[in-house]
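Inspection log for the structure reproduced underneath, given as structure tokens.
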Amino acid sequence: MTEPAYAYIDRSVLHVFHVLADYKAACLHASGRVVEYRGEHEYGYPMIDGEPLIIYTKTMKEKNKRSIPPYISAAIDALK
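Residues 1 to 80 (full-length UniProt numbering) make up the sequence shown, in order.
Written out as structure tokens, the structure is:
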């Protein structure tokens with residue numbers, strides 16, 4: 001099982017979804033709520049097949065046009 005981390009939507013115009021291991025850092029950068037996240041993550045993003053998934057939550061589009069898994073969509077919905 002993956003250690004808990006903390007998900008948030010950043011304050012940028014793009015409203016990017018991020019995941020950090022440090023709760024205080026997540027709170028510092030969040031535009032609103034911070035929720036617990038259990039899943040692979042690295043570099044401040046959720047990871048899928050060893051690659052970061054960069055999601056623009058305002059449009060629910062992924063930077064490289066990959067699909068967004070339902071559990072990540074649920075985490076984003078919890079933040080809105």
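Each residue gets a CB set at the ideal place from its N, CA and C atoms; glycine is no exception.
Burial state of residue i (16 or more Cβ within 10 Å)
i: ALA30; result: buried
i: LEU28; result: exposed
i: TYR45; result: buried
i: THR57; result: buried
DSSP-derived helix/strand/coil call for residue i
i: HIS29; result: helix
i: LYS61; result: strand
i: PRO52; result: strand
i: ILE9; result: strand
Cβ distance (whole Å) where residue i is taken to contact residue j below 8 Å
i: GLY32; j: ILE68; result: Actually they do not touch by this definition, with Cβ atoms about 19 Å apart.
i: TYR37; j: VAL16; result: Not quite, the Cβ-Cβ distance comes to about 14 Å (not below 8 Å), so this is no contact.
Contact set for residue i: own chain, Cβ-Cβ below 6 Å, skip 5 residues either direction
i: LYS63; result: ILE54
i: TYR23; result: TYR6
Same chain, Cβ closer than 8 Å to residue i, neighbours up to 5 away in sequence not counted
i: VAL35; result: TYR6, ALA7, TYR8, ALA75, ALA78 and LEU79
i: ILE48; result: GLU40, ARG66 and PRO69
For residue i, the first and last residue of its enclosing beta strand (DSSP E)
i: LEU20; result: 17-20
N- and C-terminal bounds of the alpha helix (DSSP H) containing residue i
i: LEU79; result: 70-79
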